[in-house]
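Chemist: Per the working numbering, residue 16 is the first one in the sequence shown, and the count goes up by one each step. Where a beta carbon is used, it is the ideal one built from N, C-alpha and C, also for glycine. Model, not experiment: these values are computed from the prediction.
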Amino acid sequence: MELSEKMAGGALGKACKVWAKRPWYTVTVIVLSLAILVLGSLIARRHLFPNYWTVEDLGTTGSHSQEAPGPPPEGMVWIPGGVFWMGSEDFPDAQPIHKVYVDGFWMDKTEVTNEQFAKFVKATGYVTVAEKAPDYETIVKQQPPGMPPPRKEDLVPGSLVFTAPPGKVPLNDASNWFKWTAGACWQHPEGPGTDIKGRLKHPVVHVAYDDALAYAKWAGKRLPTEAEWEFAARGGLDRKKFTWGNEYKPGGKIMANTWQGEFPHKNTLEDGFAGTAPVGSFPANGFGLYDMSGNVWEWCADRYQPRYRDIFAPRNPQGPAESFDPAHPGTASRVRRGGSYLCWDNLCKRYMVGGRFGGDPDSSASHVGFRCVKDAR
Ligand SMILES: [Ca+2]
16 MELSEKMAGG ALGKACKVWA KRPWYTVTVI VLSLAILVLG SLIARRHLFP NYWTVEDLGT
76 TGSHSQEAPG PPPEGMVWIP GGVFWMGSED FPDAQPIHKV YVDGFWMDKT EVTNEQFAKF
136 VKATGYVTVA EKAPDYETIV KQQPPGMPPP RKEDLVPGSL VFTAPPGKVP LNDASNWFKW
196 TAGACWQHPE GPGTDIKGRL KHPVVHVAYD DALAYAKWAG KRLPTEAEWE FAARGGLDRK
256 KFTWGNEYKP GGKIMANTWQ GEFPHKNTLE DGFAGTAPVG SFPANGFGLY DMSGNVWEWC
316 ADRYQPRYRD IFAPRNPQGP AESFDPAHPG TASRVRRGGS YLCWDNLCKR YMVGGRFGGD
376 PDSSASHVGF RCVKDAR
């Protein structure tokens, strides 16, 4: 103990002597060492934990937006990109709220309509997933949890159709309102005997993820990333609950095609629509986009994870490399955004701007569609 005290005393004495002789030299060494430590830790954590980029790293929200590179392609609007807060405290799977930058891009003003999808099918002869007979495993995989498996004789082309029950039903079982319907597809939205006449301006439904990809490729476009979709949906607003602000009915006006009344048996039709509405029936958001809230869910490019992980990139994120979706276990779940005409406050508030939902990419339903984006050049 005495020896170490002496040694410590000796070292301290030596340091004091250096300090006394060359104070500025010592101060410089200390300052430089601290600077190297701080800089080193900043660089290390940016590379190891990209979401720890600071405000200065990404820039302030609203910064870095870009001018439109030219006149808009038909039916599209320029989304200027920039820095924004992505996520929502209203949904566990939309957390943590984190700062993201996206490049500017073109986006379809509306969901892809039946009319547009019909042109694609006419030009290519494309057959959607719902129009092909699935195998047993595929059906079981895409059914909501709790739904009984199909009978072998039901292995025919079809899709999930919303069918309002006559009265109150338990809300923990989606099979109470979604029915596997043979023959249901984009051209026959409620099954055989129904068609899209008079609904050409409605969003196309019963499209699986691959159907949306095929259309986008044909149109020279692509599906939006989830970050692009949310940036666009927010319309330039910062961390608001809805695509139009924080109030559900500003001035008493319904702003989106969702469910009013009591789901799933009583729709008061306050918004004027029981099912899909013609695209653009409700006010556009700040970027001139329609139905980014409600009407139909929209496929995004990203794989679904039930939480934004710290490892996700802060600049132009493309989503996780693997999907994990507790609501659709065993599927390569893809993100869907925006909610639908079936969203109701007591069951699914995901028409709110941060809301998200995963979906089996092979699945289709009467409330799921999509829209496309296009790179600046
Ligand atoms: Ca929508």
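(1) Look at the alpha carbon of Gly85 and the alpha carbon of Leu175, and state the distance between them as a whole number of angstroms.
(2) Can you give the Cα-Cα distance for Asn191 and Val184, rounded to whole angstroms?
(3) Using DSSP with H/G/I as helix, E/B as strand and the rest coil, what is Val115?
(4) DSSP beta-bridge partners for Lys389?
(5) Is the CB-CB distance between Val127 and Val219 below 7 Å?
(6) Check each candidate in Lys389, Asp105, Arg330 and Pro38 and name the one with the smallest Cα separation from Leu228.
(7) Would you say Asp306 touches ligand 1, meaning its beta carbon is less than 6 Å from a heavy atom?
(8) Which value, in whole angstroms, describes the spacing of the CA atoms of Asn261 and Ala271?
(9) Can you have a look at Leu357 and say buried or exposed, based on whether 16 or more other CB atoms are within 10 angstroms of its CB?
(10) If you run the structure through DSSP and keep just helix, strand and coil, what is Phe132?
(11) So, is Gly28 buried or exposed, given that buried needs 16 or more other C-beta atoms within 10 angstroms?
(12) Out of Tyr319, Gly235 and Phe327, state which residue places its alpha-carbon closest to the alpha-carbon of Gly370.
(13) Using DSSP's beta-bridge definition, name the partner residues of Leu52.
(14) Would you list, in sequence order, the uninterrupted alpha helix (DSSP H) runs of no fewer than 4 residues that lie entirely inside the segment 235–299?
(15) Determine, using beta-carbon pairs with one atom in the segment 349–365 and one in the segment 291–311, whether at least three such pairs fall under 8 Å.
(16) Just to confirm, is the Cβ distance from Asn129 to Ile211 under 7 Å?
(17) Where in the segment 171–210 do unbroken runs of the beta strand (DSSP E), each at least 3 residues long, occur, reported from the N-terminal end onward?
(18) With DSSP as the reference, please indicate the residues paired to Pro341 in a beta bridge.
Modeler: By the coordinates alone:
(1) Against the sequence shown, residue 85 aligns to sequence position 70. Against the sequence shown, residue 175 aligns to sequence position 160. So the two alpha carbons sit approximately 41 Å from each other.
(2) Reading the sequence shown from its first residue, position 176 is the one you call residue 191. Reading the sequence shown from its first residue, position 169 is the one you call residue 184. Roughly 7 Å separates the two Cα atoms.
(3) Working through the sequence shown from its first residue, we reach residue 115 at position 100. The answer is strand: DSSP assigns Val115 an E or B state.
(4) To locate residue 389, count along the sequence shown from 1; it is residue 374. DSSP output for Lys389 lists Trp121 as bridge partner(s).
(5) In the sequence shown, residue 127 corresponds to position 112, counting from 1. In the sequence shown, residue 219 corresponds to position 204, counting from 1. Closer than 7 Å, so yes.
(6) For the purposes of this step, residue 228 is taken as residue 213 along the sequence shown, with counting starting at 1. Comparing Cα-Cα distances from Leu228 to each of Lys389, Asp105, Arg330 and Pro38, the minimum goes to Lys389.
(7) Position 291 of the sequence shown, counting from 1, holds the residue named residue 306. Yes, ligand 1 has a heavy atom inside 6 Å of this Cβ.
(8) What you label residue 261 is simply residue 246 of the sequence shown in a count that begins at 1. What you label residue 271 is simply residue 256 of the sequence shown in a count that begins at 1. Using only the alpha carbons, I get a separation of about 14 Å.
(9) As a first step, residue 357 is located in the sequence shown; it is residue number 342 there, counting from the start. So Leu357 counts as buried.
(10) As a first step, residue 132 is located in the sequence shown; it is residue number 117 there, counting from the start. Here Phe132 sits in helix by DSSP.
(11) As a first step, residue 28 must be located in the sequence shown, where it is residue number 13. Result: exposed.
(12) Residue 370 sits at position 355 when you count from the first residue of the sequence shown. Nearest C-alpha to Gly370: Tyr319.
(13) By one-based count along the sequence shown, residue 52 stands at place 37. Per DSSP, none; premise fails for Leu52.
(14) 241–249
(15) yes
(16) Taking the sequence shown and counting its residues from 1, one reaches residue 129 at position 114. Taking the sequence shown and counting its residues from 1, one reaches residue 211 at position 196. Result yes, Cβ atoms of Asn129 and Ile211 sit closer than 7 Å.
(17) 173–177 and 193–197
(18) Along the sequence shown, read from residue 1 onward, the residue named residue 341 stands at position 326. Paired residues: none, contrary to the question.
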